[in-house]
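The opening position of the sequence shown corresponds to residue 200 in the working numbering, with each subsequent residue numbered one higher.
Using N, Cα and C, we set each Cβ at its ideal position, and we do this for glycine too.
Note sheet for the following structure.
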Amino acid sequence: MNNQERRDLGMAYIADESVMEEQKVCRKILHRLNTADPSNFDEIGRIVKELLGKSEQACINPPFYCDYGTHIEVGKNFFANYNCTIIDVAKVTIGDNCQMAPNVAIYTAGHPVHPTARNTLYEYGIEVTIGDNVWIGGNTVILPGVHIGSNTVIGAGSVVSKDIPDWVVAVGNPCRVVRKITEEDKKFLYKDRVFDDEVLDVIQRLE
């Protein structure tokens, strides 16, 4: 079994020449994305589509970094703000209407804790899954194997090392649930600041 097959089966693998050849393809696309005219949204959109393949209205503000791109699957209306990093050794699946603030990092990859094992150059990738309607705050780090449920908010600066359920606000290092999201939250713009009547009317019509 070669190292690409081992990697894709979730087994320990070595990033050998064949693996790096795959990454070269991605890096060429990333170079075009990250050096594109930042005001040319159409061009950026085309490059994002080439990088991620299946995507619908995905928007990424460069710079953006990943290992393969082909291991990332995003739903409708995906948005990643500046300096997002997705180390997609294993598959990263992101649902519809997900938003990521600047400097979000998703890591599927890792290395053994013991130095003797680590010095063999064997490493691993474990899938990360994010549901629909999730907002990830700035400078958040999501670690290998994590599942984040739908309709959830992860607060800025969090380190998400364990699964987070649906419909909650979670924050911290390590990231923990602080409260449920309720119908009452629908009227608030930020903390205790209520939407104006015009926006509240729009929200009510979406129900």
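List, from N- to C-terminal side, the beta strand (DSSP E) runs of 3 residues or more that fit wholly inside the stretch 281 to 320. 283 to 286, 291 to 293 and 304 to 306
Just verifying my parser: in three-state terms, what is the DSSP assignment at Gly354? coil
Is Val333 closer than 8 Å to Ser357 when the C-beta atoms are compared? no
Compare the beta carbon distance of His313 and Glu322 with 8 Å and say whether it is the shorter of the two. no
Between Gly354 and the rest of its own chain, which residues show a CB-CB distance below 6 Å, the 5 nearest in sequence each way excluded? Gly336 and Val370
How many whole angstroms separate the CB atoms of Thr307 and Asp287, which I take to be in contact at a CB cut-off of 8 Å? 6 Å
How close, in whole Å, do the beta carbons of Arg231 and Ile246 come, if the pair is a contact with beta carbons under 8 Å? 6 Å
Within its chain, find whatever has a CB closer than 7 Å to the CB of Asn302; leave out the 5 residues flanking it on each side and keep chain order. Asn282, Gly337 and Asn338
Determine the direct distance from the alpha carbon of Gly294 to that of Val273, and round the result to whole angstroms. 6 Å
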